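Asker: In my numbering, the protein residues as written are 17 to 287.
1. Based on the DSSP output, what are the partners of residue 297 in its beta bridges?
2. Where do the N-terminal and C-terminal ends of the beta strand (DSSP E) with residue 244 fall, by residue?
3. In the DSSP output, which residue or residues are listed as bridge partners for residue 215?
4. Return helix, strand or coil for residue 110, following the three-state DSSP convention.
5. Starting from residue 143, trace the alpha helix (DSSP H) in both directions and tell me its first and last residue.
6. List the endpoints of the continuous beta strand (DSSP E) containing residue 165.
7. Going by the CB atoms, is the gap between residue 130 and residue 217 shorter than 8 Å?
8. Name the DSSP bridge partner or partners of residue 234?
9. For residue 172 and residue 219, what's the separation of their Cα atoms in angstroms?
10. Which residue's Cα is closest to the Cα of residue 148: 136, 168, 158 and 175?
11. Helix, strand or coil, according to DSSP, for residue 116 in the structure here?
12. Would you kindly report the start and end of the unbroken alpha helix (DSSP H) that includes residue 135?
13. Pull up the distance between the alpha-carbon of residue 234 and that of residue 138, whole angstroms please.
14. Of the choices 115, 124, 123 and 144, whose alpha-carbon is the least far from that of residue 136?
15. Would you check if the distance between the CB atom of residue 242 and the CB atom of residue 232 is smaller than 8 Å?
16. Could you tell me the boundaries of the alpha helix (DSSP H) in which residue 201 lies?
17. Using alpha carbons as the reference points, say which of 86, 75, 61 and 95 lies closest to residue 247.
18. Sort 215, 189 and 132 by Cα distance to residue 203 and report the nearest one.
19. Going by DSSP, what residues sit across from residue 61 in a beta bridge?
20. Going by other Cβ atoms of all chains shown within 10 Å of its Cβ, with 16 needed for buried, is residue 286 buried or exposed?
21. Specify whether the region 120-127 and the region 83-93 touch according to this definition: at least 3 beta carbon pairs, one from each stretch, less than 8 Å apart.
22. Where residue 181 and residue 79 are concerned, what is the direct C-alpha to C-alpha distance, given to the nearest angstrom?
23. For residue 82, I'd like the list of residues in its chain whose CB is within less than 7 Å of its CB, leaving aside the five on either flank, ordered along the chain.
24. From this set, 245, 118 and 84, which residue's C-alpha is nearest residue 65's C-alpha?
25. Considering only the alpha carbon of each residue, which of 105, 117, 144 and 151 lies closest to residue 132?
26. In whole angstroms, give me the CA-to-CA distance for residue 288 and residue 213.
27. Hey, could you find the ends of the alpha helix (DSSP H) residue 69 is sitting in?
28. Are the CB atoms of residue 195 and residue 166 within a distance shorter than 8 Å?
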């Protein structure tokens with residue numbers, strides 16, 4: 017008869033699960049992030065905000081993902097999408113904007129840094145056509161970022177688009193009402209919740225909003241990341257936090273300019 021003496025076996029110390037997860041995070045072992053040997057790593061699509069890139073834990077929007085911007089109107093979804101479009105173009109990427117809602121403002125986009133001459137704007141007739149065009153653009157494998165600004169009461173199926181995106185290395189950002197966000201959430205790789213915390217003002221003028229972003233779902237990394245974003249109207253991140261440039265007109269290099277005694281200050285107002 018065989019006997020086993022457990023006292024001769026040295027077992028590793030048992031650690032609480034939160035400590036184990038923290039140790040894995042410090043070592044950089046995140047689900048799906050570590051590349052396989054010989055695998056070519058394609059950089060993520062930048063969001064336009066370093067804090068959000070860090071919160072996503074993938075350096076930006078992961079390629080091949082359908083990312084749902086879960087936000088009520090006025091909480092920064094469109095502003096964030098414009099910043100991401102400008103950052104993607106600055107990195108050499110091609111961007112398309114499907115404007116079913118009819119709310120795209122070219123002048124505002126240009127002021128936020130979007131190059132309109134390199135932006136494909138599509139205006140479909142309905143949600144079904146919008147998703148068909150999005151699938152066609154994904155199959156072309158020419159785009160880096162695809163923004164879907166949708167509207168309508170219907171809740172179409174997003175499975176086809178979600179299946180095509182990983183093969184295209186493109187990222188799709190969805191701006192939509194709750195019914196469409198819920199339909200896309202079943203197959204979305206990333207869900208980012210946006211909540212306005214405050215308005216940003218200079219004097220009596222509102223110049224932007226402060227939004228809290230939280231990663232509610234992430235297929236390629238640990239969810240739960242948080243970032244605070246200052247989204248400015250018209251000028252994007254090019255507005256300095258102290259905003260002295262708003263009171264200083266443009267001038268030639270050989271001109272002398274007297275600065276005003278008081279500079280406008282950025283004021284944070286309750287949302």
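Where a beta carbon is used, it is the ideal one built from N, C-alpha and C, also for glycine. Quick caveat, the model's predicted, so the values are computed rather than measured.
Answerer: On the basis of the supplied data:
1. Look at the range of the chain in this structure, 17 to 287, and you will see that residue 297 is not part of it.
2. 242-248
3. 225 and 285
4. coil
5. 143-156
6. 161-165
7. no
8. 206
9. 45 Å
10. 175
11. coil
12. Looking at the DSSP string, residue 135 is not in any alpha helix (DSSP H); the run it does join, the beta strand (DSSP E), is 135-138.
13. 28 Å
14. 115
15. no
16. 194-201
17. 95
18. 189
19. 77
20. exposed
21. no
22. 8 Å
23. 174, 177, 178, 181, 188, 190, 200, 203, 204 and 205
24. 245
25. 105
26. Lying outside 17 to 287, the shown extent of the chain, residue 288 is not represented and no answer is given.
27. 66-72
28. no
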